[in-house]
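Undergrad: Quick one: the structure is below, and I'll ask about it shortly.
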Amino acid sequence: MFRVEVKLKDHSYPVLIGDGVRNALPELLPDSASKAAIVTRPNIPWQAEPGCDSQVFHIPDGEQAKSLAIIEELCRGFSQWGLTRADAVVAVGGGVATDVAGFAAAVYHRGVAVVHVATSLLAQVDAAIGGKTGVNLPEGKNLVGAFWQPQAVLCDTETLTTLPESEFKCGYGEIAKYHFLGAGNLASLPLVEQIARCVELKAIIVSADEREQGQRALLNYGHTLGHALESARQYSFTHGQAVALGLIYAAEVAHLLGRIDEKRVSEHRDVVSSFGLETRLNEQFSQISNQELLSFFKRDKKATKSLTMVLDGAAGPEVVSGLSPDVLLAAMERIR
Ligand SMILES: NC(=O)c1ccc[n+]([C@@H]2O[C@H](COP(=O)([O-])OP(=O)(O)OC[C@H]3O[C@@H](n4cnc5c(N)ncnc54)[C@H](O)[C@@H]3O)[C@@H](O)[C@H]2O)c1
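Converting from the sequence shown to my numbering requires adding 667 to each position, the first position being numbered 1.
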């Protein structure tokens, strides 16, 4: 088993990674909790025993669950069941469950404790760690949310035995991102170590910049185009595959700006394809124009003053603002 600490000023917490770590849940709930509201999906064949009175609250599948209507439904259910501020919420599932349960926990009674039992590869390497929670609006992805750090995160690798192959690929999209953020070549490591290395890197970044005022924005590498593709396809396209394409797109933009050479762009393609992910926008996106994708970039949370992306360069990825639409459009042609 691996244990990584996310060190924060006043609410540090552990991330446990390994087979069966979900069984540590009772020790990681607050002492005050006499009830635990379990937020999960019916298709997740894993349960977490909190060791106290519990009730299961199901959310719908996919990004549809990331809505303000579902947050209201959950909070009303918590209230009707009698969940108090001393109790806890437990998410059991992928990134959708941890984002939604985390946000419901952040706003219910102005904040109750939450523990994430992450059961998808994507949630284990990324979504469950770092305290970003939230839901989507029709105008774009993750536009409403809160920073709400969990009490603990349990990345139970045994649960991955039932994860569909397509969802594994989704997690690999984020693992490919960590390659370029400094984790290096992860593909050759056993899966549990790949996860632990990603969690270590994310914990370092989150510890240094909990509220994304600087370095944490680097975790959005590949997400500008990634989120635009997801939004343009109304979330019928997986997050990890969208991020993987976003990594290659960001490399093309960086190359057009003279920040990286062609060899480094090829490295992006090679890493993404080594995880079995698509490297070009296929026919699914033929109806979506470059201008439409650009309009999503303008609503991106990073674009506070001008078009902004995380771009690779001589010193590694960094946030770059003031990007010209012409360059962004030209780079889109290079990945079609
Ligand atoms: N908060 C953050 O920092 C952060 C970071 C990255 C991604 N995210 C969010 O995470 C979401 C994507 O997460 P995801 O890829 O885990 O998707 P998901 O939560 O929709 O899970 C994918 C599918 O796999 C199922 N599943 C999960 N675990 C399973 C298991 N062990 N066995 C069988 N089926 C299982 C789920 O029920 C779902 O049907 C996106 O909404 C994205 O925005 C958040």
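C-beta atoms are modelled at their ideal positions from N, C-alpha and C, and glycine is treated no differently. Nothing here was measured: the structure is a model prediction, and the numbers come from that model.
Under a three-way DSSP split, which group does residue 718 fall into?
TA: coil
Undergrad: If I measure Cβ to Cβ from residue 854 and keep anything under 6 angstroms in the same chain, skipping five residues before and after, which residues do I get?
TA: 941
Undergrad: Write down the C-beta distance between residue 832 and residue 686 rounded to the nearest angstrom, noting that I regard them as a contact closer than 8 angstroms.
TA: In fact, because the Cβ distance is near 20 angstroms, the residues do not count as touching under 8 angstroms.
Undergrad: State the start and end residues of the unbroken alpha helix (DSSP H) segment that holds residue 670.
TA: Where residue 670 is concerned, there is no enclosing alpha helix (DSSP H), although the beta strand (DSSP E) it sits in stretches over 669-673.
Undergrad: When you compare the region 971-990 with the region 885-896, are there three or more beta-carbon pairs, one atom per stretch, that lie closer than 8 angstroms?
TA: yes
Undergrad: Could you tell me whether any non-hydrogen atom of ligand 1 is closer than 7 angstroms to the CB of residue 945?
TA: no
Undergrad: Quick check: does the Cβ of residue 837 come within less than 7 angstroms of any heavy atom belonging to ligand 1?
TA: yes
Undergrad: Does the beta-carbon of residue 710 have 16 or more other beta-carbons within 10 angstroms, so that it is buried, or is it exposed?
TA: So residue 710 counts as exposed.
Undergrad: Would you mind stating whether residue 768 and residue 756 have Cβ atoms separated by less than 8 angstroms?
TA: Result yes, Cβ atoms of residue 768 and residue 756 sit closer than 8 angstroms.
Undergrad: State whether the region 702-722 contacts the region 743-762, with contact taken as three or more CB pairs (one from each stretch) at a distance under 8 angstroms.
TA: yes
Undergrad: If you check the beta carbons only, do residue 867 and residue 688 fall under 8 angstroms apart?
TA: no
Undergrad: Do residue 892 and ligand 1 come close, with the Cβ less than 7 angstroms from some heavy atom?
TA: In this structure, residue 892 has its CB at a distance of at least 7 angstroms from all heavy atoms of ligand 1.
Undergrad: Is the beta carbon of residue 968 within less than 7 angstroms of some heavy atom of ligand 1?
TA: no
Undergrad: Tell me which residue opens and which closes the beta strand (DSSP E) that residue 823 is part of.
TA: 819-823
Undergrad: Tell me whether residue 941 counts as near ligand 1, meaning its Cβ is closer than 7 angstroms to at least one heavy atom of that ligand.
TA: no
Undergrad: Go ahead and pull the three-state DSSP assignment for residue 767.
TA: helix
Undergrad: Can you tell me the Cβ-Cβ gap for residue 718 and residue 693, rounded? I've got them flagged as a contact below 8 angstroms.
TA: 3 angstroms
Undergrad: Using the beta-carbon count (16 or more within 10 Å), is residue 743 buried or exposed?
TA: exposed
Undergrad: I need the DSSP call for residue 894, collapsed to helix, strand or coil.
TA: Helix at residue 894.
Undergrad: Regarding residue 959 and ligand 1, is the C-beta to nearest heavy atom distance less than 7 angstroms?
TA: No, since every heavy atom of ligand 1 falls outside the 7 angstroms radius drawn around the Cβ of residue 959.
Undergrad: I need the boundaries of the beta strand (DSSP E) containing residue 992, first residue and last residue.
TA: DSSP places residue 992 in no beta strand (DSSP E) but in the uninterrupted alpha helix (DSSP H) bounded by 992-1002.
Undergrad: Is DSSP giving residue 925 helix, strand or coil here?
TA: coil
Undergrad: Quickly, what does DSSP pair residue 985 with across the bridge? List them, please.
TA: 978
Undergrad: Check the DSSP bridge columns for residue 680 and list the partner residues they point to.
TA: 673
Undergrad: Determine the direct distance from the alpha carbon of residue 774 to that of residue 844, and round the result to whole angstroms.
TA: 30 angstroms
Undergrad: Is the beta carbon of residue 782 less than 8 angstroms from the beta carbon of residue 695?
TA: yes
Undergrad: Anyone know if the C-beta pair for residue 815 and residue 797 falls short of 8 angstroms?
TA: no
Undergrad: Identify whether residue 737 lies in helix, strand or coil by the three-state DSSP scheme.
TA: helix
Undergrad: So for residue 942, helix, strand or coil by DSSP?
TA: coil
Undergrad: Excluding sequence positions up to five away, which residues of its chain have a Cβ less than 8 angstroms from the Cβ of residue 674?
TA: Close CB contacts of residue 674 within its chain, under the 8 angstroms cut and outside five residues either way in sequence, are with 870 and 874 (chain order).
Undergrad: According to DSSP, is residue 789 helix, strand or coil?
TA: Under the three-state reduction of DSSP, residue 789 is assigned to helix.
Undergrad: What do you get for residue 668, buried or exposed, if any count of 16 or more other CB atoms within 10 angstroms of its CB means buried?
TA: exposed
Undergrad: Is it buried or exposed, residue 949, if we count other Cβ atoms within 10 angstroms and call 16 or more buried?
TA: exposed
Undergrad: When we look at the beta-carbon of residue 898 and count the other beta-carbons within 10 Å, is it buried (16 or more) or exposed?
TA: buried
Undergrad: Is the beta carbon of residue 766 sitting closer than 8 angstroms to the one on residue 800?
TA: With respect to the 8 angstroms criterion, residue 766 and residue 800 are classified as neighbours on the basis of their beta carbons.
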